[in-house]
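Colleague: What follows is a structure written as structure tokens; I'll ask about it next.
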Amino acid sequence: MSLRLDSMNETDRPQRIVLAKIGLDGHDRGIKVVARGLRDHGFHVIYAGLWQAPEAVVQAVADEDADWLGISILSGAHMTLLPDLLNLLRQQGSGNVKVMVGGIIPEADIQKLQQLGVTGVFGPGTPMEDIVEFLRERR
Amino acid sequence: MSDWTELFERFRQKDRQALARLLSHATQSEGAEIIRTQITPRPTGSVIALTGNGGVGKSSLVGRIAERLRKDGIQVAVLACDPESPYTGGALLGDRIRMSPLASDPGLFIRSVATSGGRQAVAENLDLMCQLLLEYGFEIVLIETVGAGQADVAVRELADILVLLVQPETGDELQWEKAGLLEVADVVVVNKADLPGADTVMAQLQGQLNLPGCRPVPIFKVSATQGEGLDELWRAVQELRTEN
Amino acid sequence: MSTPLISDAKKRWQQELAAAPSRPQPATTVSGLPIEPLYTSDDLDNFSDEKRLGYPGQYPFARGVHANMHRGQLWTMRQFAGYGTARQTNERFRFLLEKGQTGLSTAFDLPTLMGLDSDHSQSRGEVGRLGVAVDTIDDVRQLFAGIDLEQVSVSMTINAPAFVIMAYYVAAAVDGGFDPRKLRGTLQNDILKEFHAQNEFIFPPTPSVKLVVDVIEYCTKHVPLWNTVSISGYHIREAGSTAVQELAFTLADGMHYVEQCLERGMNVDDFAPRLSFFFNAHNDLFEELAKYRAARRLWADLMKNRYHAQRESSWKLRFHAQTAGCSLQDKQPEVNLMRVAYQAMAAVLGGCQSLHTNSMDETLALPSEHAATLALRTQQVLAYETGVTNTVDPLGGSYFVETLTDQIQQQAEEYFERIEQHHGMVAAIETGFFRREIGDAAFAFQQAVDAKQKVLVGVNDFQQPDEKPLPLLELDESAERDQLQSLEQIKKQRSRDDVRRTTDELKRVAETGTNVMPALMETARARVTVGESMQVLEEIFGRYRLGAAW
Chain A
492 MSLRLDSMNE
502 TDRPQRIVLA
512 KIGLDGHDRG
522 IKVVARGLRD
532 HGFHVIYAGL
542 WQAPEAVVQA
552 VADEDADWLG
562 ISILSGAHMT
572 LLPDLLNLLR
582 QQGSGNVKVM
592 VGGIIPEADI
602 QKLQQLGVTG
612 VFGPGTPMED
622 IVEFLRERR
Chain B
404 MSDWTELFER
414 FRQKDRQALA
424 RLLSHATQSE
434 GAEIIRTQIT
444 PRPTGSVIAL
454 TGNGGVGKSS
464 LVGRIAERLR
474 KDGIQVAVLA
484 CDPESPYTGG
494 ALLGDRIRMS
504 PLASDPGLFI
514 RSVATSGGRQ
524 AVAENLDLMC
534 QLLLEYGFEI
544 VLIETVGAGQ
554 ADVAVRELAD
564 ILVLLVQPET
574 GDELQWEKAG
584 LLEVADVVVV
594 NKADLPGADT
604 VMAQLQGQLN
614 LPGCRPVPIF
624 KVSATQGEGL
634 DELWRAVQEL
644 RTEN
Chain C
3 MSTPLISDAK
13 KRWQQELAAA
23 PSRPQPATTV
33 SGLPIEPLYT
43 SDDLDNFSDE
53 KRLGYPGQYP
63 FARGVHANMH
73 RGQLWTMRQF
83 AGYGTARQTN
93 ERFRFLLEKG
103 QTGLSTAFDL
113 PTLMGLDSDH
123 SQSRGEVGRL
133 GVAVDTIDDV
143 RQLFAGIDLE
153 QVSVSMTINA
163 PAFVIMAYYV
173 AAAVDGGFDP
183 RKLRGTLQND
193 ILKEFHAQNE
203 FIFPPTPSVK
213 LVVDVIEYCT
223 KHVPLWNTVS
233 ISGYHIREAG
243 STAVQELAFT
253 LADGMHYVEQ
263 CLERGMNVDD
273 FAPRLSFFFN
283 AHNDLFEELA
293 KYRAARRLWA
303 DLMKNRYHAQ
313 RESSWKLRFH
323 AQTAGCSLQD
333 KQPEVNLMRV
343 AYQAMAAVLG
353 GCQSLHTNSM
363 DETLALPSEH
373 AATLALRTQQ
383 VLAYETGVTN
393 TVDPLGGSYF
403 VETLTDQIQQ
413 QAEEYFERIE
423 QHHGMVAAIE
433 TGFFRREIGD
443 AAFAFQQAVD
453 AKQKVLVGVN
463 DFQQPDEKPL
473 PLLELDESAE
483 RDQLQSLEQI
493 KKQRSRDDVR
503 RTTDELKRVA
513 ETGTNVMPAL
523 METARARVTV
533 GESMQVLEEI
543 FGRYRLGAAW
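Chains A, B and C are the protein sequences, given in the same order.
Residue numbers 492 to 630, in this note's numbering, belong to the letters of the first sequence in order.
Residue numbers 404 to 647, in this note's numbering, belong to the letters of the second sequence in order.
Residue numbers 3 to 552, in this note's numbering, belong to the letters of the third sequence in order.
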């Protein structure tokens, strides 16, 4: 099927993405939909769950040898929590892991996050195709 | 090839990221071949596999066992396996969340593995991954497998100790029997011990397994969610390890 | 029996139907139930007016729980509010009461919802952000300062530490001179739906439910006008479930609570009249309407025939509704005003007892004053200008509505059977049954939207690339700082002996399995924090980890 061939590139390896939620926010509808959607497009999705401590997320990204990290945060506390997480990733030596963020992020903060190293920010209701294309383009 | 040399060098110096990279290479045939030439055979008694049907509570139990091992100061690696979709090649690997309280513990290494169907693929890759983890320095590798099927018979060959996990069933009680796993398990565990029917299942299993003249198979009742029965289970596994 | 005349008309209609154009989107409800082009008396062939419909205020309550419903008394306009410190929320409460709101509904911040104090390391950045921060009884007092708690009914949306907040509330009210027997309100206190959907749980299911029952038991004796649980479908729907799942899982949760109360030796007619419900009001007006009517019929049947309640008030399903948060879009947010209006209409036609209408900017931030006012006005227009309140259950008897109500009821009953096949509610939770169903439904919905089988105005069609942003509420970042300061003060000023004495007593009581409410009221008075009380209990009950299906 074309979907499978699509997800294989020269190295013939499916992309590994860790999906996690940090902070106290427990809304997991979006992240679970994205997880299933990415699976259907050939990704190996490592779902790390809710209430993850930033250190645990960073450890997971490293041990799983992930290509991407997807963080979902809907509580509005993103500017407090994400900069710390990005720092930790760099300290761990995973600074080259690409990070995408899903949630309710105001325009001004999107730019700040991109400056801090976040590759992409997606609001609620972003079509699955857009996310998949985004990830594939930046393989 | 200098990349490989550097990678192995870092690995030997206990660089955790090099280990993670090598584990990824091990899942690809080209990389696996190269790694095989560099890795020494592993010590026995170190690979414990848990298998059983979906929904039976394997990851919870693996999480509890890992917790127990960590308490004793043992360095543990976990290979959590989930099936890859034959149509899309994608996989949803969600087992590590059941071990999350320990997830930032350096003495614990959790790796999610997508296993494609078929006997060959599973055995080769997992075997190599175990070797890498053990050579790196982890004392025990816990493998949580997909559950009933061809892949699990392959795991029998790979594992030093095979633990079969069952639960008080509501319907198809003989499911695990069909897979032939009952014959090859070293330990059988009845999970969700707090549910009605647990004792019935225990009795049924005793009847099938520990007939006179047969190799004795210890059977335990545990509740992974309540954390009960784990000490006895671990003691039995320890004994089997020393026998190995 | 049809006469030849009717047959011709029907034939002709069918022919024209076959030749008529059809739109690209499949004709299903929002949840995916296929809908026929036309409903006629043929669809209600075996319909018994007496059994299926009855009169409002009488078993099986399909048409409503009171004889004259909104014609006699409007639903309570109860807008959810809360942010920052107790002082700030108190101001908002008084503003809303002044604007014509008839009941209060309290939103707590994430740390409070999760039983954490404002000074906990995990609370950083979250204090007072999505609701009011409550750490001690002082905050509760401040929250309701200047409000007559015997006159204004107060709803508190909190679950995992609900029993703590309730104890603190009652202690504050009593100390403030109010008679607990006159306190009116609702505590959400529905922990089961947390395991299914909202994820605000701390302890495992069994002790969590025990604590829910503690509140029911305590209030039945001492705060008899209080609605002890708001058995909720709202969050289940928000997590992506279908309308049928929302209905079935909610009532299944209700059944479990009833059974646990009975097991404790309580009399069903003592507590059942104070169990209340909370449903979502989503876009598909008719599906929602059918859902509410089916809910009343199902619950009445369960209470009367399964649990043998004798009092009519035990059979009545009373519910609060909130318009669907998940249907709000951040593209062209003013369009949300229309969504909310239609959803509110569904809830009112469905016979709700109280209603919260979302503000249009709620996907972007906490509601601005302007948006919050418009949300309230939505209800007022509905109540006073549309005429829907003139008669009870105006759509009752409609071929479509009655057929759909029956259909949804039947599908909900099928779910009851499936749930029963597991070894009870807690076992079903542990297999991940509910989460899997909800997750699958959420995924199917997104796939339908991505494939444009469902149109979301402004999102996957009718987009407007150059939108001007809405003026949003600026969050006062000083709230966290202020709260931390006052908490620090309290911890310095309070008596350490009192703290130790009361928490030791709480521990003792919890270990013996007795009702924790009286002991908690004492910890409240000793100015023990919510987090400290929860900590005592966590050491006994443990922390729950998500199991089979996440």
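We put the beta carbon where it would ideally sit given N, CA and C, even for glycine.
Bear in mind the structure is a predicted one, so any value in this text is a computation, not a measurement.
Is residue 198 of chain C closer than 8 Å to residue 238 of chain C when the C-beta atoms are compared?
Modeller: Yes, they are a contact pair.
Colleague: So residue 557 of chain A and residue 588 of chain A are in contact, right, with Cβ under 8 Å, and what is the actual spacing, rounded?
Modeller: Between residue 588 of chain A and residue 557 of chain A the Cβ distance is about 6 Å, and since that is below 8 Å, they are a contact.
Colleague: Between the C-alpha atoms of residue 356 of chain C and residue 79 of chain C, what's the straight-line distance to the nearest angstrom?
Modeller: Going from the Cα of residue 356 of chain C to the Cα of residue 79 of chain C covers about 6 Å.
Colleague: Counting only beta-carbon separations shorter than 8 Å, does residue 420 of chain C have a partner in chain B?
Modeller: Chain B contact via Cβ: absent.
Colleague: Going by C-alpha distance, which of C:529, C:264, C:172 and C:437 is nearest residue 500 of chain C?
Modeller: It is C:529 whose Cα lies nearest to the Cα of residue 500 of chain C.
Colleague: With respect to the beta strand (DSSP E) encompassing residue 61 of chain C, which residues constitute its N-terminal and C-terminal limits?
Modeller: First-last for residue 61 of chain C: undefined, no H or E at that position.
Colleague: Helix, strand or coil for residue 533 of chain C? Go by DSSP, reduced to three states.
Modeller: Residue 533 of chain C: helix per DSSP, three-state reduction.
Colleague: Please check if any C-beta of chain C sits within less than 8 Å of the C-beta of residue 634 of chain B.
Modeller: So, not an interface residue.
Colleague: Short of 8 Å in beta carbon distance, which residues of its chain neighbour residue 367 of chain C, apart from the five on each side in sequence? Order them along the chain.
Modeller: If we look at residue 367 of chain C and ignore the five residues flanking it on each side, its Cβ neighbours are 474, 475 and 477.
Colleague: Would DSSP call residue 459 of chain C helix, strand or coil?
Modeller: Here residue 459 of chain C sits in strand by DSSP.
Colleague: Can a CB atom of chain C be found closer than 8 Å to the CB of residue 573 of chain B?
Modeller: Legend: pLDDT at residue 573 of chain B = 48, less than 50; position of this residue unreliable, no value from coordinates given.
Colleague: Which residues, taken in chain order from the segment 481–492 of chain B, show a beta carbon closer than 7 Å to some beta carbon of chain A?
Modeller: So the close ones are 488, 490, 491 and 492.
Colleague: Would you report the Cα separation of residue 592 of chain A and residue 41 of chain C, rounded to the nearest angstrom?
Modeller: Each residue's alpha carbon lies about 47 Å from the other.
Colleague: When you compare the CB of residue 444 of chain C with every CB in chain B, is at least one pair closer than 8 Å?
Modeller: Cβ-Cβ to chain B under 8 Å: no for residue 444 of chain C.
Colleague: Thinking C-beta only, is residue 134 of chain C closer than 8 Å to residue 91 of chain C?
Modeller: Yes, these two residues count as a Cβ contact at 8 Å.
Colleague: Classify residue 464 of chain C: buried if its beta carbon has 16 or more other beta carbons within 10 angstroms, exposed otherwise.
Modeller: So residue 464 of chain C counts as exposed.
Colleague: Are the C-beta of residue 505 of chain A and some C-beta of chain B separated by less than 8 Å?
Modeller: Answer yes: the Cβ-Cβ gap between residue 505 of chain A and chain B drops below 8 Å somewhere.
Colleague: In chain F, which residues lie with their C-beta within 9 Å of the C-beta of residue 425 of chain C?
Modeller: Of the protein chains in the structure, A, B and C, none is chain F.
Colleague: Is it right to say residue 383 of chain C is buried, meaning 16 or more other beta carbons lie within 10 angstroms of its own, or is it exposed?
Modeller: Residue 383 of chain C comes out exposed.
Colleague: Does DSSP classify residue 282 of chain C as helix, strand or coil?
Modeller: Strand, per DSSP.
Colleague: Taking only the alpha-carbon atoms, compute the straight-line gap between residue 438 of chain C and residue 58 of chain C and give it to the nearest angstrom.
Modeller: One C-alpha to the other measures close to 37 Å.
Colleague: DSSP on residue 552 of chain C, reduced to helix/strand/coil?
Modeller: It is coil, neither helix nor strand.
Colleague: DSSP on residue 569 of chain A, reduced to helix/strand/coil?
Modeller: Helix.
Colleague: Do you know offhand how far residue 529 of chain B's Cα is from residue 567 of chain B's?
Modeller: Each residue's Cα considered, the two are about 18 Å apart.
Colleague: Per DSSP, residue 611 of chain A is paired with what?
Modeller: For residue 611 of chain A, which the question treats as bridged, DSSP gives the partners A:591.
Colleague: In the structure shown, what three-state DSSP assignment does residue 150 of chain C receive?
Modeller: Correct three-state label for residue 150 of chain C: coil.
Colleague: Would you call the segment 584–600 of chain B and the segment 450–463 of chain B in contact, with 3 or more CB pairs under 8 Å?
Modeller: Segments in contact, yes.
Colleague: Can you pull out the residues from the segment 239–262 of chain C whose beta carbon lies closer than 8 Å to at least one beta carbon of chain A?
Modeller: For the segment 239–262 of chain C, which is checked against every Cβ of chain A, the residues closer than 8 Å are 240, 241 and 242.
Colleague: Using the beta-carbon of each residue, which ones in chain A are nearer than 9 Å to residue 540 of chain B?
Modeller: Under the 9 Å cutoff, chain A gives no residues; its nearest Cβ is about 14 Å from residue 540 of chain B.
Colleague: Considering only DSSP beta bridges, list what residue 229 of chain C is partnered with.
Modeller: DSSP output for residue 229 of chain C lists C:188 as bridge partner(s).
Colleague: Flag this pair as yes or no: are the beta carbons of residue 453 of chain B and residue 548 of chain B separated by less than 8 Å?
Modeller: Cβ atoms of residue 453 of chain B and residue 548 of chain B: closer than 8 Å.
Colleague: Of the residues that make up the segment 199–231 of chain C, which ones have a beta carbon closer than 8 Å to any beta carbon in chain A?
Modeller: From the segment 199–231 of chain C, only 200, 201 and 202 have a Cβ closer than 8 Å to chain A.
Colleague: Does the CB of residue 532 of chain C have a neighbour CB from chain A at under 8 Å?
Modeller: Taking Cβ atoms only, chain A never reaches closer than 8 Å to residue 532 of chain C, which makes this a no.
Colleague: Anything in the segment 504–524 of chain A with a Cβ closer than 7 Å to a Cβ of chain C? List those residues in chain order, please.
Modeller: Within the segment 504–524 of chain A, the residues whose Cβ lies closer than 7 Å to some Cβ of chain C are 514, 515, 516, 517, 519, 520, 523 and 524, listed in chain order.
Colleague: Can you tell me the Cβ-Cβ gap for residue 150 of chain C and residue 137 of chain C, rounded? I've got them flagged as a contact below 8 Å.
Modeller: Rounded, the Cβ-Cβ distance is 25 Å, inconsistent with contact.
Colleague: Count the other CB atoms within 10 Å of the CB of residue 523 of chain B; is the residue buried (16 or more) or exposed (fewer)?
Modeller: Below a pLDDT of 50, predicted positions are generally treated as unreliable, and residue 523 of chain B, at 47, falls in that range; the measurement from the model is reported next regardless. With fewer than 16 Cβ atoms within 10 Å of its Cβ, residue 523 of chain B is classed as exposed.
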